[in-house]
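For reference, the structure is listed below as structure tokens.
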Amino acid sequence: MSVQERKERERAARERLIVATARELAEQQGWDAVTTRRLAERIEYSQPVLYSHFRGKREIIGAVALEGAAEMAVALRTATSAADGPRARVTALARSYLDFAEGNPAVYDAIFQLDGGLAYAQEDTPEPLKDAFAALMETLAGVAGPGVHPGLFTETFWAALHGLATLTRTGRLPPAEAEQRVELLVDRLAVL
Numbered sequence: 000m001s002v003q004e005r006k007e008r009e010r011a012a013r014e015r016l017i018v019a020t021a022r023e024l025a026e027q028q029g030w031d032a033v034t035t036r037r038l039a040e041r042i043e044y045s046q047p048v049l050y051s052h053f054r055g056k057r058e059i060i061g062a063v064a065l066e067g068a069a070e071m072a073v074a075l076r077t078a079t080s081a082a083d084g085p086r087a088r089v090t091a092l093a094r095s096y097l098d099f100a101e102g103n104p105a106v107y108d109a110i111f112q113l114d115g116g117l118a119y120a121q122e123d124t125p126e127p128l129k130d131a132f133a134a135l136m137e138t139l140a141g142v143a144g145p146g147v148h149p150g151l152f153t154e155t156f157w158a159a160l161h162g163l164a165t166l167t168r169t170g171r172l173p174p175a176e177a178e179q180r181v182e183l184l185v186d187r188l189a190v191l
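The following block contains the structure:
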């Protein structure tokens, strides 16, 4: 291994450490607790080293969002692949999405609430974000109904899931009826 290869590998490992530490800190204490000073202390590198990887918190949020979007896509595909039939797949998709949002609130915020400097729904949207949307559309396109554009249907279903996730998490919807909401969403929106 050349010196250059070793340095590149070390740099990539440092970058992964920064992202993992930011994510852990955000999940424990919220995104307000994630500062470059605190991250530098936790990873035991100087702030200039941190800035050699990311220009600031915004880029770190973006990196967490991309990592989280990739994980969400895997979770959605795993859940839907284990389900049998369109109704079961759509229900599994909805549950998996809501479980991901509940289990990873800081990551979910990085993907959908915070400014990570990422382009959404554009040509230059990063691939992990496109893939997370594709994971939704793979299941939802088949239940959009006749004459309904699959992409628009997916956006609408996704918006409903996002609303449920956000309103439940902020205590505006009681969690006891979460399963009933999923069933209602599947029954009323999907053409099964």
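In numbering that gives the first Met the number 0, the protein residues as written are 0 to 191. Heads up, the beta-carbon is just placed ideally off N, CA and C, and yes, glycines get one too. Note that the structure is predicted; figures quoted are calculated from it, not measured.
Query raised in the report: In whole angstroms, what separates the C-alpha of E154 from that of Y44?
Result: The alpha-carbon of E154 is positioned some 41 Å away from that of Y44.
Got a sec? Which residues, its chain only, sit under 7 Å from L113 by beta carbon, not counting five neighbours each side?
Taken in chain order, the residues that qualify are W30 and I60.
Return the CA-CA distance between E4 and A62, expressed in angstroms with no decimal places.
-> Taking the straight line joining both Cα atoms gives about 22 Å.
Exercise for review: In angstroms with no decimal places, state the Cα-to-Cα distance between T138 and M0.
Suggested key: One C-alpha to the other measures close to 44 Å.
_Cβ pair count under 8 Å reaching 3, the stretch 25-42 against the stretch 101-109_ = Proximity of the stretch 25-42 to the stretch 101-109 meets the contact definition, three or more beta-carbon pairs being nearer than 8 Å.
Checklist line | Helix, strand or coil at F53 according to DSSP, with G and I counted as helix | finding: Reduced to three states, the DSSP call for F53 is coil.
Query raised in the report: By DSSP, does D83 sit in helix, in strand, or in coil?
Result: Collapsing the DSSP output to three states places D83 in coil.
*Rounded to the nearest angstrom, how far is the Cβ of R36 from that of Q46, given a contact under 8 Å?*
Contact flag correct, Cβ pair sits at about 6 Å.
### Message
Suppose you measure from the CA of P127 to the CA of G84; what does that come to, to the nearest Å?
### Response
Rounded to whole angstroms, the gap between the alpha carbons of P127 and G84 is 27 Å.
| message | Please report the distance separating the alpha-carbon of S95 from that of D130. | response | For the pair S95 and D130, the Cα-to-Cα distance works out to about 16 Å.
Subject >> Simplified DSSP assignment, three categories, for D98 >> reply: When secondary structure is reduced to three states using DSSP, D98 falls in the helix class.
Between the beta-carbon of L38 and the beta-carbon of A21, is there less than 8 Å? Yes, the Cβ-Cβ distance between L38 and A21 is below 8 Å.
* In chain order, which continuous runs of the beta strand (DSSP E) of length 3 or greater are located wholly inside the stretch 152-186? -> Correct list: empty.
- request: Pull up the distance between the alpha-carbon of G55 and that of T124, whole angstroms please.
  value: Looking at the two C-alpha atoms, the distance is approximately 20 Å.
*asked:* For A91, which residues in the same chain have their Cβ closer than 6 Å to its Cβ, ignoring the five residues on either side in sequence?
replied: Take A91, set aside five residues on each side of it, and the residues of its chain with a beta-carbon closer than 6 Å to its own are A78, T79 and A82, in chain order.
Q | Residues near G144 by beta carbon distance below 7 Å, same chain, minus five either side | A | Within the same chain, G144 has close Cβ partners V190.
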